[in-house]
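One structure is given here, and the rest of the page talks about it.
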Amino acid sequence: MNQPTSLADGRYLLVKQLGEGGMASVYRAYDQRLQVWRAVKILSPEYADKKKIAKRFEAEAQTMALLEHRNIVRVYDVGRDGADIAYIVMELVEGGCLVDWLEVNGPMPPRMAVEAVMEVCEGLQAAHDKGVIHRDIKPHNVMVTLDGVCKVTDFGIARVGDSDHSQTKTGSVMGTWGYMAPEQRTDAKNVDVRADVYAVGATLYSLVTDRMPMDLFAAERNASILDGVHEAIVPLLIKATEYDREDRFESVKALREALGAVLDQLPEVPTGVEPLALRASEPTAPPDPTVFRPATEVKTIRTTANFDLSEHTL
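Under our numbering, the letters of the sequence shown match residues 10 to 323, in that order.
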């Protein structure tokens, strides 16, 4: 029987895989030293020896560690376990992400969506105040606590001040296409906070329509793009996603204020609508550390799922 895995000399016990992306996976983990549950993000082994990717992974942790805000996921540790296991230890946010809500429920009531996006704006403004531009805001990168608080995560391609920790080359394209501002689609290095303004507008559009926000800057010329969007939100979406960044809101703070001004024009969230947090039954008791082997001794990262053993290849 395969044994589940631990990291950092047994400090972090990997209990369940929560998600998997192109270059990393995230696990629910137990921190034995502090006796608390965390999320651990592990860079896929095939990328761990690629210096540029490994450097960007570590820079993500350093960037998030700079940011202490209610609406940003906290980072607590970063490290390596052996030669090919790089990891980041983060706050465990257990209510899923905004895209999970859409997959279960479809389009979000406009008032609910606006309130969520206003919290995203608060987190991003805190990042912008520190000179950090996220460059990949989308529903997938907004986590929700069990209390319904939205938290921005995944600063993997963030730009930090003039140093640009992501090592972006001029002319590089980075981000998620439908959420990328026009200028970011041609040169991810040549962006400012208004690229995040565009992405927040695209995120709001995605929440209220459950559609991919392709080319929102054409909405004034093609009104069908905004079909189904509440009339109070339409002018704000258009301004947030203007083709020319000079025509957008100057900051996410300005966008948040504009959204707050129309909140009373939006209908109350209907009774019976699922809350933002998708609650799942998860173990709260500490796992048995004696069944975990160090990750350096196994070929794949293995976890326990409700203490039944299962294998997950990164």
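Beta carbons are placed, not taken as given, at the ideal position from N, Cα and C, and that holds for glycine. Bear in mind that the values here come from a model prediction, so they are computed numbers and not experimental data.
By the beta-carbon neighbour count (other beta carbons within 10 angstroms, threshold 16), S233 is exposed.
Selection D201, K139, P222 and S260 evaluated against P148 yields P222 as nearest (Cα-Cα). Non-local beta-carbon contacts of A33 in its own chain, meaning distances under 7 Å to residues more than five positions away in sequence, involve K50, I51, L52 and S53 in chain order. At a cut-off of 3 residues, the continuous stretches assigned as beta strand (DSSP E) that sit fully inside the stretch 80-111 are 84-89 and 95-99.
Judged by their CB atoms, G157 and A286 are nearer to each other than the 8 Å cut-off. Note that the C-beta distance between L76 and V141 is below 8 Å.
Under DSSP, R220 shares a beta bridge with no residue. Around the Cβ of P276, a 10 Å sphere holds fewer than 16 other Cβ atoms; the residue is exposed.
Within the DSSP secondary-structure output, E29 pairs in a beta bridge with S34. Counting only residues of its own chain and dropping the five nearest sequence neighbours on each side, G91 has a CB closer than 6 Å to the CB of T305.
Residue range V243 to A249 is occupied by the alpha helix (DSSP H) that includes L245. In the displayed model, I142 falls within a strand according to three-state DSSP. Per the C-alpha coordinates, the member of R79, I97 and Y188 positioned closest to Q71 is I97.
Where R257 is concerned, there is no enclosing beta strand (DSSP E), because DSSP gives it neither an H nor an E.
Taking a cut-off of 8 Å on C-beta distances, the stretch 266-274 does not touch the stretch 290-304, as fewer than three cross pairs fall below it. Look at A286 here: in three-state DSSP terms it is coil, with no helix or strand label. When secondary structure is reduced to three states using DSSP, P119 falls in the helix class.
Secondary-structure assignment with DSSP links D40 through a beta bridge to Y21 and V45.
Between T312 and V24, the CB-CB gap stays under 8 Å.
For L16, the enclosing beta strand (DSSP E) stretches over residues T14 to L16. Inter-segment contact for the stretch 112-124 and the stretch 181-196 is absent: fewer than three beta-carbon pairs are separated by less than 8 Å. Rounded to the nearest angstrom, the gap between the Cα atoms of M99 and V82 is 7 Å. DSSP places M152 in the uninterrupted beta strand (DSSP E) bounded by V151 to V153. With fewer than 16 other Cβ atoms from the protein chains shown falling within 10 Å of its own Cβ, Q274 counts as exposed. Judged by their CB atoms, A57 and R47 are not nearer to each other than the 8 Å cut-off.
C-alpha of D109 to C-alpha of L155: approximately 14 Å in a straight line.
CA-CA distance, R302 to T14, rounds to 5 Å.
DSSP, reduced to helix, strand and coil, places T312 within a strand of the structure shown. When rounded, the separation of the alpha-carbon atoms in Y21 and A63 is 20 Å. F164 is a Cβ neighbour of H143, given a cutoff of 8 Å.
By DSSP's assignment, I51 forms a beta bridge with S34 and Y96.
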